[in-house]
Amino acid sequence: MQHLTTVLPACLAALLCACTNAQPEDAHADPKRQPAPAGDAPPTPAVGEVVRELGDGLWIIFQDRQGTTWFGTDGDGLYRVDGNRILRFTTKDGLCSDRVRQILEDTSGNLYFNTLGGISTFDGQRFRTLVPVQAGSALSAWSSQPGDLWFQGNQDDNGPYRYDGRTLHHHEFPKHELEPAFLAIAPHAPFSPYQVYTIFHDSRGALWFGTSTFGVCRYDGRSLTWISEDELTELDGGPSFGVRGIVEDQDGQFWFSNLLHRYDVSASEPKEPGAPSAAYRRTRGLVDSEARMDAAPAYFMSGLKDGHGVLWFATLDAGVWRYDGNHVTRFPVQDRGQAVRLYSIYEDKGGTLWLGTTGQGAYRFDGTAFARFRP
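16 is the number of the first residue of the sequence shown in the numbering used here; add one for each residue after it.
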């Protein structure tokens, strides 16, 4: 049990507590899946608004199978860029909220938008809202099948959402041993300590959930196990702002939202029968542990392994770090001499890297630097 002193500093909490890390996933879904309607009345076609330029708060980037690029915003809805044409969709077109946190696609080409008001799906003509069914927190209620789509939900939710092609299931985490301590120091927190910031599918077929407060949880289809140590939780007074990014490297080791250490996680069962903690070994990362006092370079908001096996980490305001297994390269991302606040990093189908930001547009990598994207 950690020594409990405080929660995330107010300056970061104000910016980030409502955010879920949008590390987009390529989803392999059942081609026969049909989006579930929100009600009896058929939705009207989404017309959208033709605009001349993109907004500034482009948090999420996603390229669909047609090559069209989508940008999810924090209040302006969705932008769709096809060549030089920009179309904007909002709640007026049927999107259930204009604050978008995640974009997925199934093999039929249906798009899914995780927003702070629910999950919308788009078939190319109409938006529909998926209506969730509560699955509860019992382990027996959890399930994972090939083709399932997993969603982060929003800041008030305990646990993720799973769409199996017919039903949207809301899965809850069983009570964590640190919950009483969290409620004792933050009884009126404006977010759930079980809020899911990011979802990652590892090479062994397990799912990882990065949470706002209790670290990371692994679901392997049989059990739920946690890694809840100081560097990954919000209960030790440290600079961590929750687990917002998860990356698996070429050696099968994990990076959980920080560059201080990487984690060699056992694929076996928990350390003891019935124990909620995963077995793991921590090894040195890319940043010296003394940097822990400065969250900017030590912690990343989003990360990925590109098509060549190279790791990329997007930090909040210390640029992007590239690690090829031997060398580290840092790419500053600035606007008029000021550090840009990054939210997500994404690799499109052509291998191009993109950055989503909290208020300075989107950035695209040209092979040597990240430059602001202007269609």
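For each residue, glycine too, the CB sits at the ideal point set by N, CA and C.
**Message:** If I follow the unbroken alpha helix (DSSP H) through residue 194, where does it start and stop?
**Reply:** 194–200
**Asked** Thinking just about the alpha-carbon of each residue, which of 302, 227, 221 is nearest to the one in residue 263?
**Response** 221
**Message:** Which of the three DSSP states is assigned to residue 320 in this structure?
**Reply:** strand
**Close-in-space but distant-in-sequence residues of the same chain around residue 137 (CB under 6 Å, 5 per side omitted)** = 126
**Request:** Over the uninterrupted beta strand (DSSP E) stretch that includes residue 345, give me the two end residues.
**Result:** 343–346
**Asked** Looking at the C-beta of residue 71, does it have a partner C-beta in chain D at a distance below 8 Å?
**Response** In summary, chain D is missing from the structure at hand, where a single protein chain is found.
**Message:** Contact between the segment 158–169 and the segment 84–98 is defined here as three or more beta-carbon pairs at a separation below 8 Å; is this criterion met?
**Reply:** no
**Request:** Within 10 angstroms of the Cβ of residue 233, are there 16 or more other Cβ atoms? Answer buried if so, exposed if not.
**Result:** buried
**Message:** Would residue 315 and residue 371 qualify as a contact pair, given that the criterion is a beta-carbon distance under 8 Å?
**Reply:** no
**Request:** Pull up the distance between the alpha-carbon of residue 106 and that of residue 78, whole angstroms please.
**Result:** 21 Å
**Message:** Taking the straight line between their C-alpha atoms, what separation do you get for residue 362 and residue 76?
**Reply:** 9 Å
**Coarse secondary structure for residue 106, derived from DSSP in three states** = helix
**Message:** Assuming residue 232 is part of the beta strand (DSSP E), what are its boundary residues?
**Reply:** 231–234
**Asked** Since residue 212 and residue 257 are thought to touch, with beta carbons under 8 Å apart, how far apart are those beta carbons, to the nearest angstrom?
**Response** 5 Å
**Request:** For residue 66, collect the residues of the same chain with a Cβ closer than 7 Å to its Cβ; drop the 5 residues on either side in sequence, then sort them by chain order.
**Result:** 101, 103
**Prompt:** Quick one: Cα of residue 181 to Cα of residue 109, how far?
**Reply:** 20 Å
**Per DSSP, cross-strand counterpart(s) of residue 273** = 314
**Item:** Proximity below 8 Å, CB of residue 346 to CB of residue 355
**Value:** no
**Prompt:** Does DSSP put residue 288 in a helix, in a strand, or in coil?
**Reply:** Its pLDDT being 43, under 50, residue 288 is placed unreliably in this model, and the coordinates cannot settle the point.
**Message:** Bridge partners for residue 129 per DSSP, in chain order?
**Reply:** 117, 134
**Request:** Report the rounded CA-to-CA distance for residue 328 versus residue 223, giving the unit in angstroms.
**Result:** 18 Å
**Prompt:** Out of 63, 69, 58, 61, which has the shortest C-alpha to C-alpha gap to residue 378?
**Reply:** 69
**Request:** Evaluate residue 341 with the Cβ neighbour count: other Cβ atoms within 10 Å of its Cβ, from every protein chain shown; 16 or more gives buried, anything less gives exposed.
**Result:** exposed
**Sheet register partners of residue 211 (DSSP bridge)** = 226
**Asked** Taking the Cβ atom as the reference point for each residue, do residue 130 and residue 112 lie within a distance shorter than 8 Å?
**Response** yes
**Prompt:** Rounded C-beta distance between residue 385 and residue 348? I'm assuming under 8 Å.
**Reply:** 5 Å
**Prompt:** Roughly how many whole angstroms lie between the Cα atoms of residue 216 and residue 159?
**Reply:** 11 Å
**Prompt:** residue 185 and residue 150 look like a contact to me (Cβ under 8 Å); what is the Cβ gap, rounded to whole Å?
**Reply:** 6 Å
**Item:** Same chain only: Cβ atoms within 6 Å of residue 179, ignoring 5 sequence neighbours per side
**Value:** 163
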